[in-house]
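Peer 1: Below you will find the structure I want to go over with you.
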Amino acid sequence: MLKIDFNQLVKLTNVSKNIFKPNLTSQLSFETAILGIKKNFKVLDLGCGCGIIGIALMKSIPNIEMYCSDFDTSSVKNTKKNFTQNKLKADIREGSLFDPWLNKKFDYIINDVSGISSVIAKNSPWFGKEIPCDSGEDGSDLTISIIKKAKDYLTDKGSMQIPLISLSNVEKIVNVAKENFSNVKIVKSKDWFLPKEMEGLKNKMNELKSKNYINFDEKFGKIICKTSIAVCEQ
């Protein structure tokens with residue numbers, strides 16, 4: 232296995248305008264996936280964006296079969312371009328969630344789909360006004376839909392990883408994951424400060440927190456959020 236500097240790879244990767252920009256969740260997703268993926272695995276990056284996670288994995292782990300999909304046409308084009316520039320081959324398709332992969336089975340699925348409250352997403356530097364985020368007010372809609380359908384697309388011993396971001400209803404997501412998988416474990420976790428340009432959302436965030444839709448801490452006059460990656464095993 233080769234050691235890849237994920238952040239350096241991000242700097243060298245073309246990310247088209249109005250496509251989700253790789254962030255901490257992307258990095259933690261890669262760091263988690265590399266622990267669970269073995270040689271000859273069929274790996275699906277669901278919600279691939281610019282393709283950075285799949286590219287990093289193929290550069291790190293020999294002889295894996297990489298599959299990538301996104302519902303956004305621009306993202307699919309960007310991913311194809313980036314794989315070509317890196318001289319890597321993958322099956323890259325356009326479509327919503329699992330729609331492009333009917334009758335396909337994977338050893339490992341990376342859920343890379345939007346996982347924060349849609350109210351917050353549209354005012355964030357990651358999504359903004361141009362990138363759709365249909366995750367619902369509590370940020371759980373897309374992740375829960377994926378969890379409930381995942382077994383149809385996993386091999387008998389296959390696993391799936393999901394992002395758990397405190398700007399969503401993490402407890403609700405974890406409960407659904409435990410209902411659908413025999414084992415759900417947190418592999419990576421990191422706290423982070425809310426970006427300065429989002430501080431104007433504080434009142435709205437407090438409202439969402441009062442409904443138990445999201446969660447965060449406040450220290451030193453700053454809002455502290457958490458991103459974790461959980462692996463769901465059958």
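Each residue of the sequence shown is one higher than the one before, counting from 232 in the working numbering.
Quick reminder that beta carbons are idealized off the backbone N, C-alpha and C, glycines included.
Note that this is a predicted model, so its numbers are computed, not measured.
#1: Could you check the C-alpha separation between V274 and I295 for me, to the nearest Å?
#2: Should I378 and A408 be called a contact, given that it needs their Cβ atoms to be closer than 8 angstroms?
#3: Kindly provide the ranges of any beta strand (DSSP E) runs that are 3 or more residues long and lie completely inside the segment 241 to 292, ordered along the chain.
#4: Count Cβ pairs between the segment 302 to 309 and the segment 258 to 266 that sit closer than 8 angstroms; are there 3 or more?
#5: Please check the pair N443 and P394, which I expect to be a contact at CB under 8 angstroms, by giving their CB distance rounded to whole angstroms.
#6: Quick one: what's got a C-beta closer than 6 angstroms to K269's C-beta in the same chain, skipping five residues either side?
#7: Among L288, F251 and G280, which has the Cα closest to the Cα of K234?
#8: Alpha carbon to alpha carbon, what distance is there between S345 and A352?
#9: Can you check whether the CB of D330 is closer than 8 angstroms to the CB of S193?
#10: Tell me the DSSP secondary structure of V344 in three-state form.
#11: Please identify the residue among I286, W332, Y298 and K308 whose C-alpha is closest to the C-alpha of K318.
#12: Along the chain, which unbroken stretches of the beta strand (DSSP E) at least 3 residues long are found entirely within the segment 299 to 328?
#13: Would you kindly report the start and end of the unbroken alpha helix (DSSP H) that includes I351?
#14: What do you reckon, are the CB atoms on L385 and L328 nearer than 8 angstroms?
#15: Between F272 and the rest of its own chain, which residues show a CB-CB distance below 6 angstroms, the 5 nearest in sequence each way excluded?
#16: With 16 other CB atoms within 10 Å as the buried threshold, where does I540 fall?
#17: Could you check the C-alpha separation between F424 and K335 for me, to the nearest Å?
#18: Alpha carbons only, please: which of F237, N238 and K380 is nearest the one belonging to S390?
#19: Please classify N309: is it buried, with 16 or more other beta-carbons within 10 angstroms of its beta-carbon, or exposed?
#20: Give every residue of the same chain whose Cβ lies closer than 7 angstroms to the Cβ of V462, excluding the five residues on either side of it in the sequence, and list them in chain order.
#21: Taking DSSP's pairing of strands, which residues face M229 in a bridge?
#22: Which class does K455 belong to by DSSP, given the choice of helix, strand or coil?
#23: Please work out which residues of its chain come closer than 8 angstroms, Cβ to Cβ, to I250, disregarding the five sequence neighbours upstream and downstream, and give them in chain order.
#24: What three-state label does DSSP hand I417 in the structure shown?
Peer 2: With the structure as the only source:
#1: Within the sequence shown, the letter at position 43 stands for residue 274. Within the sequence shown, the letter at position 64 stands for residue 295. Spanning the two alpha carbons is a distance of roughly 7 angstroms.
#2: The count along the sequence shown starts at 1 and reaches residue 378 at position 147. The count along the sequence shown starts at 1 and reaches residue 408 at position 177. In contact: I378 and A408 (Cβ atoms closer than 8 angstroms).
#3: 273 to 277
#4: no
#5: What you label residue 443 is simply residue 212 of the sequence shown in a count that begins at 1. What you label residue 394 is simply residue 163 of the sequence shown in a count that begins at 1. With a beta-carbon spacing of about 19 angstroms, N443 and P394 fall beyond the 8 angstroms limit used to define contacts.
#6: The count along the sequence shown starts at 1 and reaches residue 269 at position 38. Nothing meets the Cβ criterion.
#7: Against the sequence shown, residue 234 aligns to sequence position 3. Looking at the Cα atoms, L288 is the closest of the given residues.
#8: Taking the sequence shown and counting its residues from 1, one reaches residue 352 at position 121. Taking the sequence shown and counting its residues from 1, one reaches residue 345 at position 114. Rounded to whole angstroms, A352 to S345 spans 9 angstroms at the Cα level.
#9: Because the chain in this structure spans residues 232 to 465, residue 193 falls outside the shown range and cannot be described.
#10: Here residue 344 corresponds to residue number 113 of the sequence shown, with the count starting at 1. Of the three classes helix, strand and coil, the one that applies to V344 here is coil, per DSSP.
#11: For the purposes of this step, residue 318 is identified with residue 87 of the sequence shown, where counting begins at 1. The candidate whose alpha carbon is nearest that of K318 is I286.
#12: Whole beta strand (DSSP E) segments, 3+ residues: 322 to 325.
#13: Translated into the one-based positions of the sequence shown, residue 351 becomes position 120. Where I351 is concerned, the enclosing alpha helix (DSSP H) stretches over S349 to A352.
#14: Taking the first residue of the sequence shown as position 1, residue 385 is located at position 154. Taking the first residue of the sequence shown as position 1, residue 328 is located at position 97. 8 angstroms or more divides the Cβ of L385 from the Cβ of L328.
#15: By one-based count along the sequence shown, residue 272 stands at place 41. Counting only Cβ-Cβ distances below 6 angstroms, and skipping sequence neighbours, we find I295, D338 and Y339.
#16: No statement about residue 540 is possible, as the shown extent of the chain runs from 232 to 465 and does not include it.
#17: In the sequence shown, residue 424 corresponds to position 193, counting from 1. In the sequence shown, residue 335 corresponds to position 104, counting from 1. C-alpha separation (whole angstroms): 39 angstroms.
#18: Within the sequence shown, the letter at position 159 stands for residue 390. Selected option, being the one with the closest Cα: K380.
#19: Here residue 309 refers to the residue found at position 78 when the sequence shown is read from its first residue. Burial is judged here by how many other beta carbons sit within 10 angstroms of a residue's own beta carbon; N309 has at least 16 and is buried.
#20: What you label residue 462 is simply residue 231 of the sequence shown in a count that begins at 1. Hits under 7 angstroms: T263, G267, S390, Q392, K416 and V418.
#21: As displayed, the chain neither begins before 232 nor continues past 465, which places residue 229 out of reach and without an answer.
#22: Here residue 455 corresponds to residue number 224 of the sequence shown, with the count starting at 1. Before going further, note that residue 455 is Ile rather than Lys in the sequence given. Note: I455 maps to strand in three-state DSSP.
#23: For the purposes of this step, residue 250 is identified with residue 19 of the sequence shown, where counting begins at 1. The residues are G280, C281, D303, S305, S306, N309 and I362.
#24: Position 186 of the sequence shown, counted from the start, is the residue given in the question as residue 417. Strand.
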